[in-house]
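Report on the following structure.
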Amino acid sequence: MWSGPRNVSTALMRSFGSRADTLVVDEPLYAYYLDATGLDHPGRDDVLASQPCRWEEVAADLTSPLPPDIAVFYQKHMAHHLLPGVGRDWLVGLAHAYLIRDPVHVVASYAKVRGAPTLADLGYAQQVEIFRAHGGPVVDAADLLRDPAGVLERLCVALGIGYDQAMLSWAPGRRETDGVWAQHWYAGVEASTRFGPYAPPDGPVPERLVPLVEAAQPYYEELYPHRV
Numbered sequence: 000m001w002s003g004p005r006n007v008s009t010a011l012m013r014s015f016g017s018r019a020d021t022l023v024v025d026e027p028l029y030a031y032y033l034d035a036t037g038l039d040h041p042g043r044d045d046v047l048a049s050q051p052c053r054w055e056e057v058a059a060d061l062t063s064p065l066p067p068d069i070a071v072f073y074q075k076h077m078a079h080h081l082l083p084g085v086g087r088d089w090l091v092g093l094a095h096a097y098l099i100r101d102p103v104h105v106v107a108s109y110a111k112v113r114g115a116p117t118l119a120d121l122g123y124a125q126q127v128e129i130f131r132a133h134g135g136p137v138v139d140a141a142d143l144l145r146d147p148a149g150v151l152e153r154l155c156v157a158l159g160i161g162y163d164q165a166m167l168s169w170a171p172g173r174r175e176t177d178g179v180w181a182q183h184w185y186a187g188v189e190a191s192t193r194f195g196p197y198a199p200p201d202g203p204v205p206e207r208l209v210p211l212v213e214a215a216q217p218y219y220e221e222l223y224p225h226r227v
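Anchor point for the sequence shown: position 133 equals 132 in numbering that gives the first Met the number 0, and the numbering is continuous, going up by one each time.
As structure tokens, then:
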């Protein structure tokens with residue numbers, strides 16, 4: 000599942016983690032991304048210590064055989080972690096899906112936690128790159144929040160994995176599968192037990208970031224017609 004920041008990606012990971020047949024992994028390329036970019040994110044040292052920093056090692060883990068009792072391996076990715084230096088051959092054997100959100104919503108929300116985001120921070124370009132190469136179902140966050148059952152059922156059908164009503168709710172709290180960065184970012188989802196209601200944008204986009212919305216919009220509009 001290729002997502003971007005300021006989305007409902009962790010809640011969707013919770014949803015899939017509620018399936019008895021599913022193993023989830025949380026942003027496995029995050030340490031590689033931080034190491035390669037040198038960015039100083041909250042908990043950077045903990046992230047670097049918790050995951051492999053070589054993308055080749057990550058890719059090998061993500062394409063290894065599954066345990067006998069696991070039918071679905073749900074990989075929650077931030078699409079912008081897929082830097083140009085990451086090889087793409089390992090993606091061929093995976094089923095791909097995309098979690099998108101209107102750039103107006105994303106940028107308005109992101110601007111509250113990072114003052115000067117760039118297009119490279121949002122992952123739209125990588126989502127479109129993977130979609131063009133591999134296809135797959137698209138989920139719009141607004142659709143998901145308005146109709147979780149309907150969107151999840153259509154997503155599962157598109158992926159050929161069968162829908163499970165257990166995906167509609169989950170126990171609160173942290174998971175062993177959560178990244179070590181959960182303490183910085185996951186308070187909301189840790190308190191949740193289901194998808195929350197749809198809410199309008201977090202406020203107007205600052206004037207200085209309007210060009211960023213305009214740059215992201217074509218990518219979003221390319222994926223939007225393919226949503227389930």
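For each residue, glycine too, the CB sits at the ideal point set by N, CA and C.
Same chain only: Cβ atoms within 6 Å of His104, ignoring 5 sequence neighbours per side: Pro200
Mind checking which residues open and close the beta strand (DSSP E) that includes Met77? 71 to 77
Just checking, does the segment 15 to 28 make contact with the segment 158 to 178 on the three C-beta pairs under 8 Å criterion? yes
Count Cβ pairs between the segment 50 to 66 and the segment 192 to 206 that sit closer than 8 Å; are there 3 or more? Below 8 Å, too few C-beta pairs join the segment 50 to 66 and the segment 192 to 206 to call them touching: fewer than three.
Check whether the segment 135 to 155 and the segment 94 to 108 touch, using three or more Cβ-Cβ pairs below 8 Å as the test. yes
State the beta-bridge partners of Val237 as determined by DSSP. The requested residue 237 does not occur in the structure, where the chain is confined to residues 0 to 227.
Measuring CA to CA, which of Ala110, Pro203, Gly84, Thr9 is closest to Tyr185? Nearest of Ala110, Pro203, Gly84, Thr9 to Tyr185, Cα basis: Thr9.
If distances are taken between C-alpha atoms only, which option among Glu26, Gly161, Val46 comes closest to Ala58? When only C-alpha atoms are compared, the closest one is Glu26.
Among residues of its own chain, excluding the 5 on either side of Gly202, which ones have a beta-carbon nearer than 6 Å to its beta-carbon? Ala107
Check Trp180 in the structure and name its three-state DSSP category. coil
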